[in-house]
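Numbering (the working numbering), first residue to last: 144 to 209. For every residue, glycine included, the Cβ atom is placed at its ideal position computed from N, Cα and C. The structure displayed is predicted, hence computed values, not measured ones. Here is the structure we will look at.
Listed below in structure tokens is the structure:
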């Protein structure tokens, strides 16, 4: 989660961000947890980044979890 947050904070929500989301999922981060992290970060880093990140989360997690 820290790496994902750091990438998000630097505005990197493409490329390595997607692979770190996938690795986070593989290591047990739930869709609900990652959405909560992105939502919290959006207040500090900007909602435009969140709107770029949420489709990546949907792509990685799909319908695995609501």
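Q: Would you please state the rounded distance, in angstroms, between the beta carbons of residue 147 and residue 170? I believe it to be under 8 Å.
A: Here residue 147 refers to the residue found at position 4 when the chain shown is read from its first residue. Here residue 170 refers to the residue found at position 27 when the chain shown is read from its first residue. Not confirmed; about 11 Å, so no contact.
Q. So what does DSSP say about residue 166, is it helix, strand or coil?
A. For the purposes of this step, residue 166 is identified with residue 23 of the chain shown, where counting begins at 1. Looking at residue 166 - three-state DSSP - the assignment turns out to be helix.
Q: Give every residue of the same chain whose Cβ lies closer than 8 Å to the Cβ of residue 188, excluding the five residues on either side of it in the sequence, and list them in chain order.
A: The residue labelled residue 188 in the question sits at position 45 within the chain shown. Closer than 8 Å at Cβ, skipping near neighbours: 151, 152 and 154.
Q) Whose CA, out of 197, 198 and 172, lies closest to the CA of residue 145? A) Taking the chain shown and counting its residues from 1, the one referred to as residue 145 is at position 2. Selected option, being the one with the closest Cα: 172.
Q. If you run the structure through DSSP and keep just helix, strand and coil, what is residue 157?
A. As a first step, residue 157 is located in the chain shown; it is residue number 14 there, counting from the start. Of the three classes helix, strand and coil, the one that applies to residue 157 here is coil, per DSSP.
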